[in-house]
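Enquirer:
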Amino acid sequence: MKPLKEFTIPFIGLKLDKHHFDYQIDKTFFEHFEYDDFNDVSVKTELVFEKKTTLLELHFKISGSVNVNCDISNEPYNQNVIGTFDLVVKFGDSYNDEHDDILIVPHGEYEINIAQYIYELIILSVPAKRIHPGVENGTLKSEILQKLEELSPKDLEEKEKSSEDIDPRWNTLKKLLTDK
Numbered sequence: 001m002k003p004l005k006e007f008t009i010p011f012i013g014l015k016l017d018k019h020h021f022d023y024q025i026d027k028t029f030f031e032h033f034e035y036d037d038f039n040d041v042s043v044k045t046e047l048v049f050e051k052k053t054t055l056l057e058l059h060f061k062i063s064g065s066v067n068v069n070c071d072i073s074n075e076p077y078n079q080n081v082i083g084t085f086d087l088v089v090k091f092g093d094s095y096n097d098e099h100d101d102i103l104i105v106p107h108g109e110y111e112i113n114i115a116q117y118i119y120e121l122i123i124l125s126v127p128a129k130r131i132h133p134g135v136e137n138g139t140l141k142s143e144i145l146q147k148l149e150e151l152s153p154k155d156l157e158e159k160e161k162s163s164e165d166i167d168p169r170w171n172t173l174k175k176l177l178t179d180k
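Each residue of the sequence shown is one higher than the last, beginning at 1 in the UniProt record's numbering.
(1) Please report the distance separating the alpha-carbon of V105 from that of D37.
(2) Just reading off the beta strand (DSSP E) that F30 is part of, what are its end residues?
(3) Applying the 10 Å Cβ sphere with the 16-neighbour rule, what's the burial state of Q79?
(4) Going by DSSP, what residues sit across from P106 in a beta bridge?
(5) Where does F7 fall in DSSP's three states?
(6) Check the C-beta distance from L151 over to S73 and give it rounded, since I have them as a contact under 8 Å.
(7) Relative to the C-alpha of I9, which candidate in A128, A115 and K175 has its C-alpha closest?
(8) Taking 7 Å as the limit between beta carbons, can you name the residues of its chain near P133, skipping five residues before and five after?
(9) Once DSSP output is grouped into helix, strand and coil, what is the label at V126?
(10) Taking 6 Å as the limit between beta carbons, can you name the residues of its chain near residue 190, skipping five residues before and five after?
(11) If I'm right that L56 touches F85 with Cβ under 8 Å, what's the distance once you round it to whole angstroms?
(12) Using the Cα positions of E120 and N69, report the straight-line distance between them to the nearest angstrom.
(13) Using C-beta distances below 8 Å, list every residue in its chain close to D22, excluding the 5 sequence neighbours before and after it, in chain order.
(14) Measuring CA to CA, which of L16, I25, F29 and N39 is closest to F49?
(15) Which residue marks the beginning of the alpha helix (DSSP H) containing G134, and which one marks its end?
(16) Use the C-beta contact count for L176: other C-beta atoms within 10 angstroms, 16 or more gives buried, fewer gives exposed.
(17) Does DSSP classify M1 as helix, strand or coil?
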């Protein structure tokens with residue numbers, strides 16, 4: 001994977017202050033990561049980049065939607081995504097990204113690429129179970145949902161009726177449990 005150049009921030013020339021960066025993420029961004037679970041992507045990413053004397057603070061905020069397929073009906077729909085992430089960049093002897101929210105870069109570095117952090121923030125903002133809103137409120141009509149309804153287990157009422165048709169000898173045994 002080649003680093004995306006527009007997501008590389010050369011911080012060496014920036015003043016000690018807050019700097020704002022805005023990015024519009026689309027499907028081509030995810031093609032660089034060879035991720036194809038999304039049908040379409042429209043996510044706005046805002047980055048507040050705060051340069052201090054000994055460290056850098058990055059505050060990511062995303063909002064938008066991704067078009068995904070429903071896990072139940074396989075129908076495509078737009079899933080809203082919102083999320084935030086804070087990253088602290090410190091300077092040290094060698095590169096270290098073992099911690100989720102702390103990145104240590106060598107003292108000689110002069111730029112940082114944030115594409116991986118935006119990618120992970122969007123992926124983790126999508127729910128693990130993707131359910132079409134029409135499935136949740138019952139307005140979506142599709143062949144798959146009809147087949148699932150047809151093959152679903154019987155209602156509890158039918159189970160209670162079948163429990164009434166139990167052999168009467170068992171009912172006599174149940175009386176023994178209550179006659180203490």
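Note that beta-carbon positions come from the ideal geometry of N, C-alpha and C, so glycine has one too.
Expert: Reading off the structure:
(1) Here residue 105 corresponds to residue number 105 of the sequence shown, with the count starting at 1. Here residue 37 corresponds to residue number 37 of the sequence shown, with the count starting at 1. For V105 and D37, the distance between alpha carbons rounds to 32 Å.
(2) The sequence position of residue 30 within the sequence shown is 30, counting from 1. Annotation for F30: no beta strand (DSSP E) segment contains it, though the alpha helix (DSSP H) segment containing it runs K27 to E31.
(3) Here residue 79 refers to the residue found at position 79 when the sequence shown is read from its first residue. Under this definition Q79 is a buried residue.
(4) Along the sequence shown, one-based indexing puts residue 106 at 106. DSSP lists G92 as partners of P106.
(5) As a working mapping, residue 7 is identified with position 7 in the sequence shown. DSSP places F7 within a helical segment (H, G or I) once states are collapsed to three.
(6) Counted from its first residue, the sequence shown places residue 151 at position 151. Counted from its first residue, the sequence shown places residue 73 at position 73. Here L151 is actually not in contact with S73; their C-beta atoms are around 14 Å apart, not less than 8 Å.
(7) Within the sequence shown, the letter at position 9 stands for residue 9. Ranking A128, A115 and K175 by Cα distance to I9 puts A115 first.
(8) Start at 1 with the first residue of the sequence shown, and residue 133 comes out as number 133. Closer than 7 Å at the Cβ level, and outside the excluded window around P133, lie Y77.
(9) Counted from its first residue, the sequence shown places residue 126 at position 126. Of the three classes helix, strand and coil, the one that applies to V126 here is coil, per DSSP.
(10) What is shown of the chain runs 1 to 180, which leaves residue 190 out entirely.
(11) Residue numbering aside, residue 56 sits at position 56 when the sequence shown is read from its first letter. Residue numbering aside, residue 85 sits at position 85 when the sequence shown is read from its first letter. At roughly 14 Å, the Cβ-Cβ gap does not stay under 8 Å, so L56 and F85 are not in contact.
(12) Taking the sequence shown and counting its residues from 1, one reaches residue 120 at position 120. Taking the sequence shown and counting its residues from 1, one reaches residue 69 at position 69. Whole-angstrom Cα-Cα distance: 19 Å.
(13) Numbered from 1 along the sequence shown, position 22 holds the residue referred to as residue 22. Counting only Cβ-Cβ distances below 8 Å, and skipping sequence neighbours, we find K44, T45, E46 and L47.
(14) Mapped onto the sequence shown, residue 49 falls at position 49. Closest by alpha carbon: L16.
(15) Translated into positions along the sequence shown, residue 134 becomes position 134. Unbroken alpha helix (DSSP H) run through G134: P133 to N137.
(16) Looking up residue 176 in the sequence shown gives position 176. Burial call: exposed.
(17) Working through the sequence shown from its first residue, we reach residue 1 at position 1. In this prediction, M1 has a pLDDT of 48, which is less than 50 and means its spatial position is unreliable; what the coordinates show is noted afterwards. M1 carries a coil assignment under DSSP once its states are collapsed to helix, strand and coil.
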